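Asks: One line per chain: the protein sequences are C and B, in this order. With the numbering used here applied, the first sequence closes on residue 181, and no number is skipped along the way. With the numbering used here applied, the second sequence closes on residue 362, and no number is skipped along the way.
2 protein chains.
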Amino acid sequence: MVEPLTPMIQSCVLHFGEMGSRWGINRTVGQMYALLVLSEEPLCADQIAGALSFSRSNVSMGLKELQSWELVRLQHIPGERKEFYSAPDDVWEIAKTLIEQRRKREIDPTLSTLRGLLLEQPANRKEEYAQARMRDMHEMIEMLTQWTVEIQRLNQSNLKSLLKLGGSLGKVLDMKDRFLK
Amino acid sequence: MVEPLTPMIQSCVLHFGEMGSRWGINRTVGQMYALLVLSEEPLCADQIAGALSFSRSNVSMGLKELQSWELVRLQHIPGERKEFYSAPDDVWEIAKTLIEQRRKREIDPTLSTLRGLLLEQPANRKEEYAQARMRDMHEMIEMLTQWTVEIQRLNQSNLKSLLKLGGSLGKVLDMKDRFLK
DNA sequence: CAGAAATTTCAGTAATTACTGAAATTACAG
DNA sequence: CTGTAATTTCAGTAATTACTGAAATTTCTG
Chain C
1 MVEPLTPMIQ
11 SCVLHFGEMG
21 SRWGINRTVG
31 QMYALLVLSE
41 EPLCADQIAG
51 ALSFSRSNVS
61 MGLKELQSWE
71 LVRLQHIPGE
81 RKEFYSAPDD
91 VWEIAKTLIE
101 QRRKREIDPT
111 LSTLRGLLLE
121 QPANRKEEYA
131 QARMRDMHEM
141 IEMLTQWTVE
151 IQRLNQSNLK
161 SLLKLGGSLG
171 KVLDMKDRFL
181 K
Chain B
182 MVEPLTPMIQ
192 SCVLHFGEMG
202 SRWGINRTVG
212 QMYALLVLSE
222 EPLCADQIAG
232 ALSFSRSNVS
242 MGLKELQSWE
252 LVRLQHIPGE
262 RKEFYSAPDD
272 VWEIAKTLIE
282 QRRKREIDPT
292 LSTLRGLLLE
302 QPANRKEEYA
312 QARMRDMHEM
322 IEMLTQWTVE
332 IQRLNQSNLK
342 SLLKLGGSLG
352 KVLDMKDRFL
362 K
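(1) Closer than 8 Å by beta-carbon distance: list the chain C residues that pair up with ALA230/B, in chain order.
(2) Between THR145/C, LEU66/C and GLU18/C, which has its C-alpha nearest GLU106/C's C-alpha?
(3) Let me know the secondary structure DSSP gives ARG254/B once reduced to three states.
(4) I need the straight-line Cα distance from ILE151/C to LEU292/B, nearest angstrom please.
(5) Would ALA45/C pass as an interface residue toward chain B - the criterion being a Cβ-Cβ separation below 8 Å?
(6) Are MET200/B and LEU159/C closer than 8 Å when you measure CB to CB?
(7) Closest to THR294/B by CA distance: which of LEU5/C, TYR85/C, LEU14/C and PRO4/C is it?
(8) According to the neighbour-count rule (16 or more other Cβ atoms, all chains shown, within 10 Å of its Cβ), is ALA304/B buried or exposed?
(9) To the nearest angstrom, how far is the alpha carbon of LYS181/C from that of SER342/B?
(10) Helix, strand or coil for SER86/C, going by three-state DSSP, please let me know.
(11) Between LEU118/C and THR97/C, how many whole angstroms is the CB-CB distance? I'm expecting something under 8 Å.
(12) Can you check the segment 311-347 of chain B for any alpha helix (DSSP H) of at least 4 residues that lies completely inside it and give the ranges in chain order?
(13) By alpha-carbon positions, which one of PRO259/B, ARG316/B, TRP250/B and ARG296/B ends up nearest to ILE275/B?
(14) List, in chain order, every chain B residue whose beta-carbon is nearer than 7 Å to that of ASP136/C.
(15) Residues in its own chain within less than 6 Å of PHE84/C by CB, not counting five upstream and five downstream?
(16) Hey, quick one: how far does the alpha helix (DSSP H) through ALA215/B stretch, first residue to last?
(17) Under a CB-based cut-off of 8 Å, is HIS257/B close to chain C?
(18) Determine the direct distance from the alpha carbon of THR148/C to that of LEU139/C, and round the result to whole angstroms.
(19) Starting from ASN239/B, follow the alpha helix (DSSP H) in both directions and report where the run begins and ends.
(20) So if I threshold CB-CB distances at 7 Å, which residues from the segment 279-295 of chain B count as touching chain C?
(21) Would you call GLU363/B buried or exposed, if buried means 16 or more other Cβ atoms sit within 10 Å of its Cβ?
(22) Is LEU224/B helix, strand or coil when you go by DSSP?
(23) What residues in the segment 4-33 of chain C have a beta carbon less than 7 Å from any beta carbon of chain B?
(24) Can you name the residues of chain B whose CB is closer than 7 Å to the CB of ARG73/C?
(25) Around the C-beta of ARG133/C, are 16 or more other C-beta atoms found within 10 angstroms, so that it is buried, or is it exposed?
Structure (structure tokens):
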């Protein structure tokens, strides 16, 4: 018995599938996640497979990937033998997880590669220049990373208040200057 | 005549190739860009093809893609008939371009899809819930987008000073509160 | 602990994406 | 305008990634 998607939910699911495929996430995993996010009740693998017409095994692999990203919670429903999955209710929670995971998978390895290369002795003029650029990159990436770490600490309401702070980060800087006087 | 890469530059180029392939950028385009960033002088397509052992046509397509992302500048060297390409010297310039381009290609379409779906009348309880989640997503994405727009405005030194502001965004918020008193 | 339900694994295949070489086009020097 | 150097296009192929179905494994129930 297949539960068909309403057109509205379908559109959203398809869109996030496409978007997912532009990130590392593949299309079907993107669709599965959108479905979970949009669903009030937890879903089991069969429901997902039915709703999206994917094979059961594809859903199994997709859920495993989502779990490795810590984007879904596995839960057991009393009286049910199957395993049910759900996404966090709070979208900010989801965003924080995504940011953190991408940092772990993409930024951290890059920083460590750059650090390694910066320890080497430049062999010639070209390598000197290349190292200088790597140093710039390393510094910038570390800066941005620090930023995301800070963001992780905020809850949604603090985030809102930070962003609504007159709309401009420039103003925050001005304020800092005035405050420090 | 092929100009071979030094091991240091080679490692960095390969690493960014791998990283690129986790983003939308494909491996070879990632490598080409790393090479351009690490090179002090502009390079022509043949030099890139030689250094990375790619076909000339692949380099041509890659450069076209990098141009469409506005990540490289085409320049003519006096007396040379070939076209030379270079990346901006300032890595922060590069990061800003990347952020802006990704916003245009990924975030903006998502916002507009969500807006469209939010205009529809929910047909039932499920759609009501789904719309509520979409509203949350839309609000959050718009917030984060606003943030990146603000970031675009900063130059590197302002960015540094913002980030070094005691290390914590939380402190910025505290400061705001104290300041407003 | 036997049997059934649920999940996972994985080899094979399908689909997509990336890359090349040859041909076409464009840009330029004389 | 002609010939040549440089670049681009694109059809074909290679490489990668995604997906499925069948079989194996695990999990649970009675």
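Note that beta-carbon positions come from the ideal geometry of N, C-alpha and C, so glycine has one too. Keep in mind that this is a model prediction, so the values were computed, not measured.
Replies: Straight from the coordinates:
(1) Chain C residues near ALA230/B: none, gap ~18 Å exceeds 8 Å.
(2) Considering only alpha carbons, the answer is THR145/C.
(3) strand
(4) Computed Cα separation, rounded: 22 Å.
(5) no
(6) no
(7) LEU14/C
(8) By the C-beta density criterion, ALA304/B is exposed, having fewer than 16 other C-beta atoms within 10 angstroms.
(9) For LYS181/C, the pLDDT reaches just 48, beneath the cut-off of 50, and the residue's location in the model is therefore unreliable, leaving the point undetermined.
(10) strand
(11) 31 Å between Cβ atoms; not a contact.
(12) 337-344
(13) TRP250/B
(14) VAL272
(15) Closer than 6 Å at Cβ, skipping near neighbours: PRO42, CYS44, GLN75 and ILE77.
(16) 208-219
(17) no
(18) A small correction: the amino acid at residue 139/C is Glu; Leu does not occupy that position in the sequence shown. So the two alpha carbons sit approximately 15 Å from each other.
(19) 237-249
(20) GLU287, THR291 and THR294
(21) Because chain B spans 182 through 362 in this model, residue 363/B falls outside it and cannot be assessed.
(22) strand
(23) For the segment 4-33 of chain C, the beta-carbon criterion of a distance under 7 Å to any beta-carbon of chain B is satisfied by THR6, MET8, ILE9, SER11, CYS12, HIS15, MET19, ARG22 and GLY24.
(24) Listed along the chain, the chain B residues whose CB falls inside 7 Å of the CB of ARG73/C amount to none; the nearest CB is some 16 Å away.
(25) Counting C-beta atoms within 10 angstroms of its own C-beta, ARG133/C has 16 or more neighbours from the protein chains shown and is therefore classed as buried.
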